[in-house]
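Student:
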Amino acid sequence: MLMANNMFPAVLAGIFLAAILAASMSTADSQLLVTAASISEDIYNQYINKKATDKQKLKVVRLAVILIAVLSVGIAFDPNSSVFGLVANAWAGLGAAFGPVVLLSVFWKRMNSFGAMAGMVGGAAVVLMWNVLEKTFVQVQIFQLYELLPAFIVSFILIVIVSSVTKEPSKEMLVTFEEVAVAAKN
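For the sequence shown, the residue numbers in full-length UniProt numbering are 1 to 186.
(1) Compute the Euclidean distance between the alpha carbons of I153 and T166, then round it to the nearest angstrom.
(2) With a 10 Å radius around its C-beta and 16 neighbouring C-beta atoms as the bar for buried, classify V61 as buried or exposed.
(3) Within the same chain, show all residues whose beta-carbon is closer than 6 Å to that of F156, passing over the 5 residues directly before and after it, in chain order.
(4) In the DSSP assignment, the alpha helix (DSSP H) including A54 goes from what residue to what residue?
(5) Taking the alpha carbon of S164 as the reference point, which residue from V182, K171, W108 and L149 has its own alpha carbon closest?
(6) Can you round the beta-carbon distance between A92 and L148 to whole angstroms, since I take them to be within the 8 Å contact cut?
(7) According to DSSP, is M25 helix, strand or coil?
(8) Can you tell which of L21, I161 and D42 has its C-alpha closest to the C-alpha of G119?
(9) Assign M111 to one of two classes, buried (16 or more other C-beta atoms within 10 Å of its C-beta) or exposed (fewer than that).
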(Lines of atoms letter the chains of each structure in order from A and count residues from 1; the text may use other names and numbers.)
(Lines give C-alpha, C1' and ligand atoms only; values in the text may rest on other atoms or scores of the structure.)
Protein backbone atom coordinates (compact mmCIF):
# COMPACT_ATOMS: atom_id res chain seq x y z
CA MET A 1 0.00 0.00 0.00
CA LEU A 2 2.83 2.38 0.85
CA MET A 3 4.57 1.47 -2.39
CA ALA A 4 1.44 2.26 -4.43
CA ASN A 5 1.08 5.61 -2.66
CA ASN A 6 4.74 6.48 -3.27
CA MET A 7 4.89 5.36 -6.91
CA PHE A 8 1.58 6.62 -8.26
CA PRO A 9 -0.58 9.71 -7.94
CA ALA A 10 -3.36 9.26 -5.39
CA VAL A 11 -6.04 8.51 -8.01
CA LEU A 12 -3.97 5.83 -9.75
CA ALA A 13 -2.90 4.33 -6.41
CA GLY A 14 -6.57 4.10 -5.43
CA ILE A 15 -7.50 2.40 -8.71
CA PHE A 16 -4.54 0.03 -8.40
CA LEU A 17 -5.41 -0.94 -4.83
CA ALA A 18 -9.11 -1.31 -5.72
CA ALA A 19 -8.14 -3.70 -8.53
CA ILE A 20 -6.07 -5.81 -6.12
CA LEU A 21 -8.93 -5.85 -3.61
CA ALA A 22 -11.45 -6.80 -6.32
CA ALA A 23 -9.28 -9.69 -7.50
CA SER A 24 -8.84 -10.92 -3.93
CA MET A 25 -12.56 -10.67 -3.19
CA SER A 26 -13.59 -12.49 -6.37
CA THR A 27 -11.21 -15.33 -5.57
CA ALA A 28 -12.25 -15.52 -1.91
CA ASP A 29 -15.99 -15.53 -2.62
CA SER A 30 -15.59 -18.22 -5.28
CA GLN A 31 -13.58 -20.42 -2.93
CA LEU A 32 -16.09 -19.84 -0.14
CA LEU A 33 -19.05 -20.81 -2.34
CA VAL A 34 -17.35 -23.85 -3.86
CA THR A 35 -16.35 -25.13 -0.42
CA ALA A 36 -19.84 -24.59 0.99
CA ALA A 37 -21.49 -26.25 -2.03
CA SER A 38 -19.09 -29.17 -1.72
CA ILE A 39 -20.01 -29.60 1.95
CA SER A 40 -23.70 -29.53 1.04
CA GLU A 41 -23.52 -31.92 -1.92
CA ASP A 42 -20.59 -34.18 -1.13
CA ILE A 43 -21.05 -34.58 2.62
CA TYR A 44 -24.58 -33.61 3.64
CA ASN A 45 -26.43 -34.94 0.59
CA GLN A 46 -24.28 -38.07 0.19
CA TYR A 47 -23.90 -39.21 3.79
CA ILE A 48 -26.26 -37.36 6.13
CA ASN A 49 -29.52 -36.84 4.20
CA LYS A 50 -29.66 -38.52 0.80
CA LYS A 51 -33.21 -37.27 0.23
CA ALA A 52 -32.45 -33.65 1.06
CA THR A 53 -34.60 -31.07 -0.69
CA ASP A 54 -33.11 -28.07 -2.43
CA LYS A 55 -34.33 -25.92 0.45
CA GLN A 56 -32.49 -28.10 3.00
CA LYS A 57 -29.31 -28.09 0.91
CA LEU A 58 -29.52 -24.31 0.61
CA LYS A 59 -29.69 -24.02 4.41
CA VAL A 60 -26.60 -26.22 4.70
CA VAL A 61 -24.76 -24.07 2.13
CA ARG A 62 -25.65 -20.89 4.01
CA LEU A 63 -24.55 -22.35 7.34
CA ALA A 64 -21.32 -23.64 5.78
CA VAL A 65 -20.56 -20.20 4.30
CA ILE A 66 -20.94 -18.61 7.73
CA LEU A 67 -18.83 -21.25 9.49
CA ILE A 68 -16.07 -21.19 6.87
CA ALA A 69 -16.00 -17.38 6.88
CA VAL A 70 -15.73 -17.26 10.68
CA LEU A 71 -13.00 -19.90 10.63
CA SER A 72 -11.13 -17.99 7.92
CA VAL A 73 -11.30 -14.73 9.85
CA GLY A 74 -10.07 -16.54 12.96
CA ILE A 75 -7.10 -17.96 11.06
CA ALA A 76 -6.37 -14.54 9.53
CA PHE A 77 -6.19 -12.92 12.96
CA ASP A 78 -3.94 -15.65 14.41
CA PRO A 79 -0.54 -13.98 14.83
CA ASN A 80 1.24 -17.35 14.72
CA SER A 81 -0.05 -18.40 11.30
CA SER A 82 1.60 -17.35 8.06
CA VAL A 83 0.45 -17.72 4.49
CA PHE A 84 3.46 -19.94 3.76
CA GLY A 85 2.69 -22.21 6.72
CA LEU A 86 -0.97 -22.51 5.77
CA VAL A 87 -0.13 -23.28 2.13
CA ALA A 88 2.52 -25.84 3.18
CA ASN A 89 -0.02 -27.57 5.44
CA ALA A 90 -2.67 -27.49 2.72
CA TRP A 91 -0.32 -29.03 0.16
CA ALA A 92 0.79 -31.67 2.65
CA GLY A 93 -2.84 -32.58 3.34
CA LEU A 94 -3.75 -32.68 -0.35
CA GLY A 95 -0.62 -34.58 -1.31
CA ALA A 96 -1.02 -37.15 1.44
CA ALA A 97 -4.75 -37.61 0.86
CA PHE A 98 -4.81 -37.75 -2.93
CA GLY A 99 -1.25 -38.52 -4.11
CA PRO A 100 -1.21 -42.23 -3.24
CA VAL A 101 -4.80 -42.63 -4.44
CA VAL A 102 -3.95 -41.18 -7.86
CA LEU A 103 -0.75 -43.22 -8.19
CA LEU A 104 -2.30 -46.51 -7.14
CA SER A 105 -5.46 -45.98 -9.19
CA VAL A 106 -3.27 -45.67 -12.28
CA PHE A 107 -0.80 -48.48 -11.57
CA TRP A 108 -2.66 -51.02 -9.39
CA LYS A 109 -5.98 -52.41 -10.54
CA ARG A 110 -6.71 -54.10 -7.19
CA MET A 111 -7.30 -50.76 -5.45
CA ASN A 112 -10.94 -50.18 -4.53
CA SER A 113 -13.03 -47.38 -3.07
CA PHE A 114 -12.62 -48.67 0.50
CA GLY A 115 -8.84 -48.55 0.19
CA ALA A 116 -8.98 -45.13 -1.42
CA MET A 117 -11.17 -43.74 1.37
CA ALA A 118 -8.96 -45.26 4.08
CA GLY A 119 -5.85 -43.79 2.44
CA MET A 120 -7.40 -40.34 2.04
CA VAL A 121 -8.65 -40.17 5.63
CA GLY A 122 -5.47 -41.71 7.05
CA GLY A 123 -3.15 -39.43 5.09
CA ALA A 124 -5.03 -36.29 6.09
CA ALA A 125 -5.18 -37.46 9.74
CA VAL A 126 -1.42 -38.06 9.85
CA VAL A 127 -0.81 -34.52 8.55
CA LEU A 128 -3.00 -33.09 11.31
CA MET A 129 -1.45 -35.30 14.02
CA TRP A 130 2.08 -34.57 12.79
CA ASN A 131 1.48 -30.84 13.16
CA VAL A 132 0.27 -31.33 16.74
CA LEU A 133 3.18 -33.63 17.58
CA GLU A 134 5.65 -31.20 16.01
CA LYS A 135 4.45 -28.42 18.29
CA THR A 136 4.25 -30.69 21.35
CA PHE A 137 7.61 -32.43 20.96
CA VAL A 138 9.72 -29.60 19.56
CA GLN A 139 13.00 -31.24 20.61
CA VAL A 140 12.28 -34.59 18.92
CA GLN A 141 14.15 -34.49 15.62
CA ILE A 142 11.80 -36.77 13.63
CA PHE A 143 8.93 -34.29 13.98
CA GLN A 144 10.95 -31.66 12.13
CA LEU A 145 10.38 -33.72 8.97
CA TYR A 146 7.85 -32.25 6.52
CA GLU A 147 4.54 -33.93 7.36
CA LEU A 148 3.82 -34.90 3.76
CA LEU A 149 6.36 -37.73 3.77
CA PRO A 150 5.06 -39.78 6.74
CA ALA A 151 1.45 -39.05 5.78
CA PHE A 152 2.06 -40.17 2.17
CA ILE A 153 3.64 -43.41 3.41
CA VAL A 154 0.79 -44.13 5.85
CA SER A 155 -1.81 -43.36 3.16
CA PHE A 156 -0.07 -45.67 0.68
CA ILE A 157 0.12 -48.51 3.22
CA LEU A 158 -3.53 -48.07 4.25
CA ILE A 159 -4.70 -48.19 0.63
CA VAL A 160 -2.80 -51.43 -0.01
CA ILE A 161 -3.94 -53.13 3.22
CA VAL A 162 -7.60 -52.08 3.07
CA SER A 163 -7.89 -52.82 -0.66
CA SER A 164 -6.34 -56.25 -0.08
CA VAL A 165 -8.77 -57.27 2.68
CA THR A 166 -11.95 -55.90 1.09
CA LYS A 167 -13.69 -57.07 -2.07
CA GLU A 168 -12.05 -56.62 -5.44
CA PRO A 169 -13.29 -54.01 -7.90
CA SER A 170 -16.07 -55.27 -10.18
CA LYS A 171 -15.28 -56.92 -13.52
CA GLU A 172 -16.80 -53.88 -15.23
CA MET A 173 -14.37 -51.61 -13.37
CA LEU A 174 -11.42 -53.84 -14.32
CA VAL A 175 -12.46 -53.74 -18.00
CA THR A 176 -12.64 -49.95 -17.81
CA PHE A 177 -9.21 -49.91 -16.16
CA GLU A 178 -7.75 -51.97 -19.02
CA GLU A 179 -9.42 -49.79 -21.68
CA VAL A 180 -8.00 -46.63 -20.13
CA ALA A 181 -4.56 -48.24 -19.82
CA VAL A 182 -4.59 -49.23 -23.52
CA ALA A 183 -5.81 -45.76 -24.55
CA ALA A 184 -3.06 -44.13 -22.48
CA LYS A 185 -0.38 -46.22 -24.20
CA ASN A 186 -1.58 -45.16 -27.67
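Here a beta-carbon is modelled for each residue, glycine too, at the ideal position from N, C-alpha and C.
Tutor: In short:
(1) In a straight line, the C-alpha of I153 is about 20 Å away from that of T166.
(2) Buried: at least 16 other Cβ atoms inside 10 Å.
(3) Shown here for F156: same chain residues with a beta carbon closer than 6 Å to its own, the five before and five after excluded, namely P100 in chain order.
(4) Note that residue 54 is Asp in the sequence shown, not Ala. That run of the alpha helix (DSSP H) goes D54 to F77.
(5) Minimum Cα distance to S164 is reached at W108.
(6) That pair is a contact at about 4 Å.
(7) Of the three classes helix, strand and coil, the one that applies to M25 here is helix, per DSSP.
(8) Measuring from the Cα of G119, the nearest candidate turns out to be I161.
(9) Classification for M111: buried.
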